[in-house]
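Just below is one structure, and these are the notes that go with it.
Protein chains: 2
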Amino acid sequence: MSLAESAGALGKTKKHGLSPHMSLRPGVLSERYCLPFVSSVASNSWFRQKQFEVSVNPHGVIEATDFDHMARALQLARRGLYTTDPNPRVGAVVVKDGRVIGEGFHVRAGEPHAEVLALRQAGEAARGATVYVTLEPCNHHGRTPPCVDALIAAGVARVVAAMRDPNPLAADGFARLDAAGIATASGVLENEARALNPGFVKRMRDGLPWLRVKLAMSLDGRTAMANGESQWITGEAARGDVQRLRARSSAVMTGIGTLLADDPSLNVRLAAETLDIEGVVRQPLRVVLDTRLQTPPTARLLTLPGTTLVMTAERDGACRARLETAGAEVCVMPEVEGRLDLHAVMCELARRGLNEIHVEAGPLLSGALLAAGLVDELVIYMAPHLMGSEARGLLHLPGLERMTDRVPLKIADLRAVGDDWRITAVPM
Amino acid sequence: MSLAESAGALGKTKKHGLSPHMSLRPGVLSERYCLPFVSSVASNSWFRQKQFEVSVNPHGVIEATDFDHMARALQLARRGLYTTDPNPRVGAVVVKDGRVIGEGFHVRAGEPHAEVLALRQAGEAARGATVYVTLEPCNHHGRTPPCVDALIAAGVARVVAAMRDPNPLAADGFARLDAAGIATASGVLENEARALNPGFVKRMRDGLPWLRVKLAMSLDGRTAMANGESQWITGEAARGDVQRLRARSSAVMTGIGTLLADDPSLNVRLAAETLDIEGVVRQPLRVVLDTRLQTPPTARLLTLPGTTLVMTAERDGACRARLETAGAEVCVMPEVEGRLDLHAVMCELARRGLNEIHVEAGPLLSGALLAAGLVDELVIYMAPHLMGSEARGLLHLPGLERMTDRVPLKIADLRAVGDDWRITAVPM
Chain Y
67 MSLAESAGAL GKTKKHGLSP HMSLRPGVLS ERYCLPFVSS VASNSWFRQK
117 QFEVSVNPHG VIEATDFDHM ARALQLARRG LYTTDPNPRV GAVVVKDGRV
167 IGEGFHVRAG EPHAEVLALR QAGEAARGAT VYVTLEPCNH HGRTPPCVDA
217 LIAAGVARVV AAMRDPNPLA ADGFARLDAA GIATASGVLE NEARALNPGF
267 VKRMRDGLPW LRVKLAMSLD GRTAMANGES QWITGEAARG DVQRLRARSS
317 AVMTGIGTLL ADDPSLNVRL AAETLDIEGV VRQPLRVVLD TRLQTPPTAR
367 LLTLPGTTLV MTAERDGACR ARLETAGAEV CVMPEVEGRL DLHAVMCELA
417 RRGLNEIHVE AGPLLSGALL AAGLVDELVI YMAPHLMGSE ARGLLHLPGL
467 ERMTDRVPLK IADLRAVGDD WRITAVPM
Chain B
67 MSLAESAGAL GKTKKHGLSP HMSLRPGVLS ERYCLPFVSS VASNSWFRQK
117 QFEVSVNPHG VIEATDFDHM ARALQLARRG LYTTDPNPRV GAVVVKDGRV
167 IGEGFHVRAG EPHAEVLALR QAGEAARGAT VYVTLEPCNH HGRTPPCVDA
217 LIAAGVARVV AAMRDPNPLA ADGFARLDAA GIATASGVLE NEARALNPGF
267 VKRMRDGLPW LRVKLAMSLD GRTAMANGES QWITGEAARG DVQRLRARSS
317 AVMTGIGTLL ADDPSLNVRL AAETLDIEGV VRQPLRVVLD TRLQTPPTAR
367 LLTLPGTTLV MTAERDGACR ARLETAGAEV CVMPEVEGRL DLHAVMCELA
417 RRGLNEIHVE AGPLLSGALL AAGLVDELVI YMAPHLMGSE ARGLLHLPGL
467 ERMTDRVPLK IADLRAVGDD WRITAVPM
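Protein chains in written order, with our numbering: chain Y, 67 to 494; chain B, 67 to 494.
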């Protein structure tokens, strides 16, 4: 019995019937369709979302096989993990008579969208087929023509999306398809699809980027010796894992304290083959939060390929000119109580089209971002040693006096990475 | 092909041959015979021991089925986890013609040993049988007669032990069996057998008890708020787990700081049914390290069933008399630089027949025990929240200045316990 039939047997809908919505228990789906990459991009609200709806238009219905094909489309979408930024990662599969006749995924901004590539592969056979796509097809002219036009032109019978498009500009793709008599359905593996594009979804929904704070600590929660020495707390495997987190991000951010202490590179040092991508490796924007504009023009990150953005509250023109001559872009932001207004900083980064921000900073900035409620995920690498009671703490979080003041987290994932352990925690 | 035959094929021994020793790659055994309880009692040196030897006497040989029967004997031995102290946990299986004809495990000191119970169950059929026992049978008159006498009297043909007896008084069991013409072999699942009795083995070998330090911390490595508040860092499941660690221990130890701050009970509050044992629940000795004899005669732990031992460097008779009147036993120990000599304390506890010491103390005593090299295992419950940078640290470990001063650990086990995570770490 298909899922639609079983739902029908429960009296919620009928196969090819008129019920506009049907609900499926998420447990049924998540057990069968648990994808391996979900936990690593666990995001705050979505993982607390216990119930989701599968919606179908009057001509549509959800079949069990829809989940199989969507799982494949998600696999394809994931191949764009390191390249699509600032666009979302999207995959598509064209199926006719139960057979896959076209597959595609979005590779890079400016290149064709996933649906278009999949339709091209299917060719004439796409007529009457079902198209699975991990994000509602767009209905706007961006760098490429609207995907709905391509779907209508191809004469497909049905389009199933994992999730509706959170981009207000791109929305109404389904409305156009409905009007053209094409059956539509959405909500198939929606949590998994959202988890693949946490930054894009949050930016579209809230006008803010999605923030991951990476930390490395000893088993006793220390991040540096009293003298500041901290290289290396974790082993090679963990540091390689961090490189992958950088590579998938729109930007890598640090604070002026870390910049002055460590003179970090903040770049991606993995080869294209290691990331299993074609073409050159994209270097995420490097962002330095530097209230007083203390970044030295000789800073290592200014000498590397890619762009460095220094965000400051300092309006001194000479300082700024020196940094700009050294290759930095400088952006003046408002300050609050003598420090950069972190909320304003994040709004500005979202305005610039940045989805995922990967933060590698000291306890001060990491703690301030957390206290400001801007952090979506903490990724903590825990090394198997003790650094002692004089070493520096994990996060500067002052003012917690009672047990009731504690900051609750949800551990979304915990796994071994070499000799270290990676803890993915989500603020509640 | 049996293991013996495969070893023979490698030219190391011959079946029924004369080679007194044969080596088996531990990987082969551990993959097939990995027992679920091994990791939870991981101990320092044994888990670093990568190679072990299976020794057989001239009349013996190891078969693959020996490992199956020994695994069963270990399961039986584990049933004495909460009751045999100060004796080791031991299980035995009698096998004849491939069929199990007797099983037994040691329940309590003063009651029959495992071999004797298994032989009783086997009865006359034991003649010519093989006996599997997790510890070399004893050859001395303690509270019960020597087990080797029972084995010889039963006319068994062969005795296989997981490990030789580390007790110098009990040793030479095999020599007596050899002299009686009974085939012997040892080293079958030896690591697993040692892990079941870490305290007994260490006490016999080193004259020191085996020390487990239990800690509870937030994700940022904090154990109490600045004001000392710490109840409860972890959830109910973790606290239940700690009760089981207490229940298997010979003694539960704390320091005077924790006693004065929390007035703890340090008792086992689990029912016999919960522990799956018959009879009353054994209350481990409670040990308070109290250099200046500040334990108040009104301390809660003095009012509970069981014995409390206060170890002090204070020789004042009046103080001592007050505590003794309140039910405590007071033991005067030497001091070093104004604090109890921890090594002397441990020697004294071993002398008193204590195997496993479970420590629930503050950062000061826990840190001092670790720094003194007396800790065999850290069990850290990590709760999913942040307590902030003003909260108290995990362990008082001063004087670590450089990264090279770090205390390396091996993570032997890491698992979820309710909403918390339990990390079992072994000092290297």
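Built from N, CA and C at the ideal position, the CB exists for glycine as well.
Cβ-Cβ separation, residue j to residue i (assumed contact under 8 Å), whole Å
| i | j | result |
| --- | --- | --- |
| G259/B | L183/B | Note on identity: in this sequence residue 259/B is Ala, with Gly being the wrong assignment. Not a contact, Cβ separation roughly 18 Å. |
| G377/B | L351/B | Contrary to the premise, residue 377/B reads as Met rather than Gly in this sequence. The pair is not a contact, with the Cβ atoms about 11 Å apart (cut-off 8 Å). |
| G146/B | A304/B | Not confirmed; about 25 Å, so no contact. |
| D209/B | G239/B | For the record, residue 209/B in the displayed sequence is Arg; it is not Asp. About 17 Å separates the two Cβ atoms, so there is no contact after all. |
| M494/Y | P474/Y | 4 Å |
| H135/B | V161/B | 5 Å |
| G221/Y | R186/Y | Wrong, their Cβ atoms sit about 14 Å apart, outside the cutoff. |
| T320/Y | Y447/Y | Not confirmed; about 17 Å, so no contact. |
| E181/B | L466/Y | About 58 Å; that fails the 8 Å criterion. |
| A249/Y | V197/Y | Not a contact, Cβ separation roughly 11 Å. |
| G287/Y | G428/B | Not quite, the Cβ-Cβ distance comes to about 16 Å (not below 8 Å), so this is no contact. |
Reference residue i; option with closest CA among the options
| i | options | result |
| --- | --- | --- |
| A139/Y | A223/Y, V199/Y, V166/Y | V199/Y |
| T369/Y | D329/Y, T324/Y, A491/Y, L281/Y | D329/Y |
| E129/Y | A192/Y, R224/Y, E422/Y, G428/Y | R224/Y |
| E422/Y | A292/Y, T131/Y, P152/Y, H135/Y | P152/Y |
| L406/B | A191/B, A384/B, L435/B, L463/B | L435/B |
| P275/B | M136/B, H424/B, H462/B, Q309/B | H424/B |
| E295/Y | M469/B, W487/B, R481/B | M469/B |
| C385/B | G372/B, R358/B, A410/B, G404/B | R358/B |
| V254/B | A338/B, R242/B, A228/B, G157/B | A228/B |
| L325/Y | M412/Y, A313/Y, P362/Y | P362/Y |
| A216/Y | Q360/Y, V308/Y, G189/Y | G189/Y |
| L235/B | A241/B, N205/B, L466/B | N205/B |
| A174/B | A143/B, A246/B, G194/B | One point to set straight first is that residue 174/B is Arg, not Ala, in the sequence displayed. For R174/B, the nearest C-alpha among the options comes from A143/B. |
| L367/Y | L332/Y, V346/Y, S432/Y | L332/Y |
| R278/Y | L440/Y, G383/Y, H462/Y | L440/Y |
| D132/Y | G157/Y, G164/Y, T149/Y, Q141/Y | G164/Y |
| G393/Y | C413/Y, P371/Y, G428/Y | P371/Y |
| L336/Y | Y148/Y, A137/Y, G404/Y, Q141/Y | Y148/Y |
| E443/B | S455/B, I489/B, A416/B | I489/B |
| M283/B | A313/B, L461/B, G404/B, G465/B | L461/B |
| A313/Y | L466/Y, A379/Y, L285/Y, Q349/Y | Q349/Y |
| G323/B | Q360/B, R481/B, P203/B | Q360/B |
| G419/B | V445/B, A478/B, T250/B, D272/B | D272/B |
| A478/Y | A219/B, A482/B, H409/B | A482/B |
| A245/B | I218/B, A457/B, N233/B, R230/B | I218/B |
| Q297/B | A449/B, L341/B, A195/B, G433/B | A449/B |
| V492/B | L463/B, R458/B, V445/B, R230/B | V445/B |
| L375/Y | E344/Y, E390/Y, Q309/Y | E390/Y |
For residue i: DSSP bridge partner residues
| i | result |
| --- | --- |
| I423/B | L277/B, A317/B |
| L452/Y | V473/B |
| R165/Y | K162/Y |
| F171/B | G157/B |
| L480/Y | I489/Y |
| G459/B | R288/B |
| I446/B | L281/B, I489/B |
| T196/B | V161/B, R224/B |
_Completely contained beta strand (DSSP E) runs for the segment 254-331 of chain B, where each covers 3 or more residues_ = 276-284, 288-290, 317-321
*asked:* Just to confirm the assignment: which complete alpha helix (DSSP H) runs, minimum length 4, are found wholly within the segment 345-417 of chain B?
replied: 383-391, 408-417
_Validate contact between the segment 147-163 of chain Y and the segment 261-278 of chain Y using beta carbons, cut 8 Å, 3 pairs_ = yes
*asked:* Closer than 8 Å is the cut-off here; do at least three beta carbon pairs connect the segment 278-292 of chain Y with the segment 392-403 of chain Y?
replied: no
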